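Numbered by mature numbering (1 follows the signal peptide of the UniProt record, and there is no 0), the letters in the sequence shown go through residues -24 to -1, 1 to 113 in order.
Note that the Cβ used here is the ideal one computed from N, Cα and C, for glycine as well.
None of these values were measured; they are calculated from a predicted model.
See structure below.
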Amino acid sequence: MQRFLVHAAALLLGSTLSLSTAQADDCQNVSGSQADLNSCYGNQLKTSDGELNKLYKELERRADDAELKQSLVKSQRAWIAYRDAECDMQTIGGGSIAGMSRAICLSGLTMQRIDDFKRYLKCEEGDSNCPFPSAGN
């Protein structure tokens, strides 16, 4: 019964926070203890965080002036503070699945930020809604 509740909580949090289906499915197939599930979701968080950092560095490289670079740094710091506070609030109850729930929350919001960064990296020349120059510049 506890295993069912853990998977149900993971699915609910995963779908609510836009955790990719492939990521959620990877850990749904884990058999073992709560520690195994915590480890799986923790590894997914590391993977998504690594991808986010890679994209952030590319945006930093593409930022063509000091003001844009400063704005990127300021935005990312504010986003990290928001992400952490949001996941703190969503997992305030604690319990045996708190670590897993937090990792799911952090991964979901990180995946949303990754989507934002990917959009920035695909800006077309003349797009006034995108501050980053295209790769061809």
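Nearest-angstrom Cβ-Cβ length linking residue i and residue j, presumed shorter than 8 Å
i, j, result
"L82", "R59", "6 Å"
Beta-carbon proximity of residue i to residue j, cut-off 8 Å
i, j, result
"residue 133", "L13", "Examination of residue 133 is not possible in this model, given that the chain is present from -24 through 113 alone."
"L85", "E34", "no"
"A79", "Y17", "yes"
"residue 118", "S47", "Because the chain spans -24 through 113 in this model, residue 118 falls outside it and cannot be assessed."
"Q4", "S72", "no"
"residue 133", "E36", "Any question about residue 133 goes unanswered here, given that the chain covers just -24 to 113."
Inter-residue Cα distance where the pair is residue i and residue j
i, j, result
"D2", "E27", "18 Å"
"M63", "A111", "This sequence places Cys at residue 63; Met is not what is there. Approximately 34 Å, taken between the alpha carbons."
"R38", "F108", "7 Å"
"Q20", "K30", "15 Å"
"R95", "V49", "17 Å"
"G69", "A42", "43 Å"
"C99", "C106", "6 Å"
N-terminal and C-terminal residue of the alpha helix (DSSP H) that residue i is part of
i, result
"T67", "Element bounds for T67: n/a, residue is neither H nor E."
"C81", "74 to 97"
"D25", "10 to 38"
heavy atom of the ligand GDP below 7 Å from residue i C-beta
i, result
"D64", "Summarising the ligand content, the structure contains no ligands, and the ligand GDP is consequently not present."
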